[in-house]
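J.: Before anything else, here's the structure in question.
Protein chains in written order, with the working numbering: chain V, 1 to 365; chain H, 366 to 621.
Laid out in structure tokens, this is it:
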């Protein structure tokens, strides 16, 4: 099982490999693409400059540095594309090939078919946007030439284990750290990056300097009521795509007022910029290792390098223990202690693989 | 389109075909008996029948397979399966290649998010055209889907308008377009909050009890949260449906 880390430069590639990353993924958004389609239609679902390289020379440099250390690099091309974009996509695939990229990460069936028809010789990975919730879907993509399938981040541990055990020689990758969006990536059509188009200066510079990350990291340590007020303020309440701080109206023909209030309160905590911020699935490592999961994906191409390095080091420490501990409960305790020591706060209520779901008999639906 | 038998049986207006089932939640797949009753009701009224199926886990796909297999034993004329999971499509193509398949709106990608309207006047021409189109209309993808037995695609009535100049015949859903969906059901977590905010939890059919509206100054239209899915309403249909090769309108009298 390998740790798959994001990186946006050759320098970052070297740093995360030194921390223990066994695989790297990157995105490229050339200026010409941005000019034609805007950041909202990013070629790889991450809209910020800080999440992407801007040319293929930078990618080639990153690939060379990674290959020097024997580490593969994957290019994320996991947006959904319309017919007019295909000439440019062809160019992307050719450039990726010339750079020596080891795999393309793809969500759109059209691009998968294109890469296959172009004679792409290296691997094809199905993005979480491919919505492979079951073994039949993995089979569908395998038949189309996929070497790896990334399981949606809403599948539970038992479901991931089931898929991994029935995947044959298809590699299985799961999410493990950071932004655990509540929506299903491949079925979500909210637009990211609208604010950058509306008020570019206000957004681009802070993003470039990672102020958003540091600010959120500081704010999450505030007392909950203060944090809640900030999250629902006019400025911070407009941040993000799918978790605007909405005014929520709850109506019901038969539920009493008290129940409606409960629903209102609990929905409110699901719609704000802290939603799923620091999601972690490290406690599931022990099971994933034994289930035959091949790769663990760290989310966060836009995170600052110190965060990326910290994430990889944390997971490397957990993986080493997971491999050597016979007792799962003992490992879980270690993972929680290690999380607190690494990040300076305890893991929150945003677990990728919540224990309470493991109590549910999924086969019974 | 109906997800509940009672709503279908109460429908008095005209239609040519009924969609019955659920697209967004495998817990709401109708029972075999409900499907049988729905088919009988449609036959009585002279309506054709489409079974609409959701995205599914490995446990869920077994249920879908069982329902479809039972349905095919006494398939009504004009039967169609609306598929929202590539695993279901894979299985149908392999096991039941003669079944008529429509590719559901979860698999026909449109940029449905209403916030695009906040920047519509700032978008370059290429971008505007991109946001009005679906990936599924790429010619080579249409050819592949045809090979897989797909005969129709399902589209939403998006606010920025639809552009199509090729592709297979399409259905258009109205008045509700979906924006996003989840397995971490927001309404379930609303009434019976889980300890962990990413739990799937135990369903108590909260979606049947509440009508939730989400409004925000940055969101051009209100969103309706129905169970695990968010929708917006758009009653304004495109002017020339034939030019868009839209040959069917799918009316949703209730939120799905």
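Each residue gets a CB set at the ideal place from its N, CA and C atoms; glycine is no exception.
Please look up how many angstroms separate the CB atoms of residue 250/V and residue 3/V, rounded, as I've assumed it's under 8 Å.
T.: With a Cβ gap of about 42 Å, residue 250/V and residue 3/V do not count as contacting.
J.: Tell whether a beta-carbon distance below 9 Å holds between residue 489/H and residue 38/V.
T.: Yes; because the gap between Cβ atoms is below 9 Å, this pair is in contact.
J.: Please report the straight-line C-alpha distance between residue 289/V and residue 173/V, rounded to a whole angstrom.
T.: Taking the straight line joining both Cα atoms gives about 11 Å.
J.: Quick check for students: name the residue ranges of the alpha helix (DSSP H) that lie wholly in the stretch 303–334 of chain V, counting only runs of 4 or more.
T.: Runs found: 305–324.
J.: Determine whether the Cβ of residue 242/V lies closer than 9 Å to any Cβ atom of chain H.
T.: Yes, residue 242/V lies at the interface with chain H (some Cβ there is under 9 Å from its Cβ).
J.: With three or more beta-carbon pairs closer than 8 Å as the criterion, would you say the stretch 549–562 of chain H touches the stretch 577–596 of chain H?
T.: Short answer: they touch.
J.: Is the Cβ of residue 37/V closer than 9 Å to any Cβ of chain H?
T.: Taking Cβ atoms only, chain H reaches closer than 9 Å to residue 37/V, which makes this a yes.
J.: Report the neighbours of residue 80/V on chain H: residues whose CB is nearer than 7 Å to its CB, in chain order.
T.: In chain order: 474 and 500.
J.: Anything in chain H within Cβ reach of residue 133/V, meaning under 8 Å, just list it in chain order.
T.: Correct list: 420, 421, 422, 423, 425, 450 and 452.
J.: Under 8 Å Cβ-Cβ, which residues of chain H neighbour residue 256/V?
T.: Here the premise fails: no neighbours, minimum Cβ distance about 11 Å.
J.: Are the CB atoms of residue 210/V and residue 304/V within a distance shorter than 9 Å?
T.: It is a contact, given that the beta carbons lie within the stated cut-off.
J.: Count the other C-beta atoms from every protein chain shown that fall within 10 angstroms of the C-beta of residue 139/V, then say buried if there are 16 or more, exposed otherwise.
T.: Result: buried.
J.: If you follow the alpha helix (DSSP H) that residue 80/V is in, where does it begin and where does it stop?
T.: Where residue 80/V is concerned, there is no enclosing alpha helix (DSSP H), given that its DSSP letter is neither H nor E.
J.: Grab the span of the alpha helix (DSSP H) containing residue 387/V for me, first residue to last.
T.: The structure shown does not extend to residue 387/V, since chain V is modelled only from 1 to 365, so the question has no answer here.
J.: Please classify residue 189/V: is it buried, with 16 or more other beta-carbons within 10 angstroms of its beta-carbon, or exposed?
T.: The residue in question, residue 189/V, is buried, as its Cβ has 16 or more Cβ neighbours within 10 Å.
J.: Would you identify the three-state DSSP class for residue 361/V, choosing helix, strand or coil?
T.: Low local confidence applies: a pLDDT of 48 at residue 361/V is under 50, so the model's placement there is unreliable, with the coordinate-based value given in what follows. Correct three-state label for residue 361/V: coil.
J.: With DSSP as the reference, please indicate the residues paired to residue 596/H in a beta bridge.
T.: BP columns for residue 596/H point to 543/H and 589/H.
J.: Does the separation of the CB atoms of residue 96/V and residue 7/V fall below 9 Å?
T.: No.
J.: Using a Cβ cut-off of 8 Å, pull out every chain V residue sitting near residue 584/H, in sequence order please.
T.: Correct list: 244 and 246.
J.: Could you please give the first and the last residue of the uninterrupted beta strand (DSSP E) stretch that includes residue 23/V?
T.: Per DSSP, residue 23/V belongs to the beta strand (DSSP E) from 23–26.
J.: I believe residue 474/H touches residue 501/H by the beta-carbon criterion, under 8 Å. Please report the beta-carbon distance rounded to the nearest angstrom.
T.: Yes, they are in contact, since the Cβ atoms of residue 474/H and residue 501/H sit about 7 Å apart, within 8 Å.
J.: Any C-beta of chain V sitting closer than 9 Å to the C-beta of residue 477/H?
T.: Closer than 9 Å to some Cβ of chain V, the Cβ of residue 477/H qualifies, so yes.
J.: For residue 222/V, does the count of other Cβ atoms within 10 angstroms reach 16, so buried, or fall short, so exposed?
T.: Counting Cβ neighbours within 10 Å, residue 222/V comes out exposed, since fewer than 16 surround it.
J.: Is it buried or exposed, residue 381/H, if we count other Cβ atoms within 10 angstroms and call 16 or more buried?
T.: Exposed: under 16 other Cβ atoms inside 10 Å.
J.: State yes or no: is the beta carbon of residue 184/V nearer than 9 Å to at least one beta carbon in chain H?
T.: Yes, contact with chain H.
J.: Could you pull the DSSP bridge partners for residue 6/V from this structure?
T.: In the DSSP output, where bridge partners are listed per residue, residue 6/V has 25/V.
J.: Can you pull the chain V residues whose beta carbon is under 9 Å from the beta carbon of residue 547/H, in chain order?
T.: Here the neighbours are 154, 181, 182, 183, 184, 187 and 188.
J.: Nearest chain V C-beta to residue 556/H closer than 9 Å, yes or no?
T.: For residue 556/H, the answer is yes, since a Cβ of chain V falls inside 9 Å of its Cβ.
J.: Need the endpoints of the alpha helix (DSSP H) that residue 125/V sits in, please.
T.: Not the alpha helix (DSSP H): residue 125/V falls in the beta strand (DSSP E), residues 123–126.
J.: May I have the straight-line CA-CA distance separating residue 565/H from residue 98/V, to the nearest angstrom?
T.: Straight-line Cα distance between these residues: approximately 43 Å.
J.: In the DSSP assignment, find the alpha helix (DSSP H) that holds residue 241/V and state where it starts and stops.
T.: Note, residue 241/V: premise wrong, no alpha helix (DSSP H); not H, not E.
J.: Around the C-beta of residue 108/V, are 16 or more other C-beta atoms found within 10 angstroms, so that it is buried, or is it exposed?
T.: The residue is buried, with at least 16 neighbouring Cβ atoms inside 10 Å.
J.: May I ask you to report which of helix, strand or coil DSSP gives residue 352/V?
T.: Coil at residue 352/V, not helix or strand.
J.: Drop a sphere of 10 angstroms on the beta-carbon of residue 584/H, count the other beta-carbons inside from all chains shown, and report buried for 16 or more, exposed for fewer.
T.: The residue is buried, with at least 16 neighbouring Cβ atoms inside 10 Å.
J.: Which residue marks the beginning of the beta strand (DSSP E) containing residue 176/V, and which one marks its end?
T.: Run containing residue 176/V: 171–177, per the beta strand (DSSP E) assignment.
J.: Quick check on the DSSP output: the alpha helix (DSSP H) that includes residue 160/V runs from which residue to which?
T.: Where residue 160/V is concerned, the enclosing alpha helix (DSSP H) stretches over 157–165.
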